Amino acid sequence: MQINVSTRHGHLSSESRARIVRKVEKLERYFERLTSIEVTVDLEHEESPTVDLRVSAEHKHDFVATGRASTLAASLDVAIGKLEQQLRKYKEKVQNRHRTSGRGAGEVPSLAEREAPDVDAEDEEI
């Protein structure tokens with residue numbers, strides 16, 4: 416997975432860059448098929464820095480989130496929280512699609528329904 420960190424209107428220290436990379440790498444826990452992550456930090460307004468995250472996954476799926484808070488760390492946490500939610504939702508959608516593909520829910524009778532004796536047929540014989 417490729418991670419690119421860029422800055423607008425200022426410079427980041429190497430420690431800040433390393434912290435951003437460490438936090439962003441954890442996104443792979445939520446969806447394994449990530450191909451690249453672009454982090455853009457906008458320091459134009461020092462009192463409220465903005466963090467933009469763009470995550471690309473296999474099959475041309477892109478996830479985008481923006482975080483703005485009073486500190487750089489808080490902005491990053493807001494953006495990562497939004498992305499985690501998007502990735503979780505997409506992964507659930509993909510997993511559910513594979514579970515129900517080919518047949519609608521309720522078309523296949525359960526094992527108990529298939530093996531249960533027909534009670535009405537037994538009553539008629541008596």
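Quick note on numbering: my numbering labels position 75 of the sequence shown as 490, and the sequence is numbered without any gaps.
Built from N, CA and C at the ideal position, the CB exists for glycine as well.
Just so it is clear, the structure is predicted and the values come from calculations on it, not from any experiment.
In this structure, E453 sits near L468, with a CB-CB distance shorter than 9 Å.
Residue pairing from DSSP places Q417 in a beta bridge opposite S451. DSSP places S471 within a strand segment (E or B) once states are collapsed to three.
For R437, the closest alpha carbon among the candidates M416, R423, T515 and Y505 is that of M416. Looking at the DSSP output, G425 sits in no beta bridge, so it has no partner there.
N511 and Y445 have their C-alpha atoms spaced approximately 16 Å apart. For H476, the closest C-alpha among the options V456, Q501, R423 and R514 is that of Q501. For V466, the closest C-alpha among the options H460, L427 and T481 is that of T481. Comparing alpha-carbon positions, the option among S463, L498, E430 and T455 lying closest to A489 turns out to be S463.
Counting every other CB atom within 10 Å of its CB across the protein chains shown gives V479 a total below 16, marking it as exposed. Judged by their CB atoms, E459 and G425 are nearer to each other than the 9 Å cut-off.
L487 and A472 have their alpha carbons spaced roughly 25 Å apart. In terms of CA proximity to A433, L491 leads the group R483, L491, Y505 and H474.
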